[in-house]
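Structure record follows, encoded as structure tokens.
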Amino acid sequence: MKNWGTQATGVEGKVLCNDSFVVVYDSLADFGDIASGDTATNNTHPFSIRALSNSPMGHVVEFTIIANSNGGSSDTLHFSL
Numbered sequence: 029m030k031n032w033g034t035q036a037t038g039v040e041g042k043v044l045c046n047d048s049f050v051v052v053y054d055s056l057a058d059f060g061d062i063a064s065g066d067t068a069t070n071n072t073h074p075f076s077i078r079a080l081s082n083s084p085m086g087h088v089v090e091f092t093i094i095a096n097s098n099g100g101s102s103d104t105l106h107f108s109l
């Protein structure tokens, strides 16, 4: 998670996916405090996502992560896999 703004404390993320070929088992992650310009990872409690066995080869899945901090800042990120 990259912080493009000012110091962010208590950053949490929630991954969303509305695809019938994907199961999101654990949608929440804690990234802690992220200084301005820094990057944080969540290796201790990562998102848990699984593609179903009947997923078509080459199927592209759209994801959204909503990130919030204790200071009330929020951002929405979109990516595809």
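Going by our numbering, the sequence shown opens with residue 29, and the numbers climb by one from there.
No residue lacks a Cβ here, since even glycine has one placed at the ideal position from N, Cα and C.
Every value quoted in this text rests on a predicted model; they were computed, and no experiment measured them.
CB contact flag (residue i, residue j, <7 Å)
| i | j | result |
| --- | --- | --- |
| Ala57 | Gly41 | yes |
| Asp54 | Asn31 | no |
| Val50 | Val88 | no |
| Ile93 | Val52 | no |
| Ala36 | Ser97 | yes |
| Phe59 | Val39 | yes |
| Ala79 | Met29 | no |
Residues sharing a beta bridge with residue i, DSSP
| i | result |
| --- | --- |
| Thr104 | Ile94 |
Closer than 7 Å to chain C by CB, residue i
| i | result |
| --- | --- |
| Lys30 | Given the protein chain composition of this structure (a single chain), no chain C is represented. |
- Message: Going residue by residue through the segment 37-102, where are the continuous beta strand (DSSP E) segments of at least 3 residues, counting only ones entirely within it?
- Response: 50-54, 56-62, 76-79, 90-96
- Item | Stretch-stretch touch, CB-based, cutoff 8 Å, three pairs: the segment 98-105 with the segment 71-86 | no
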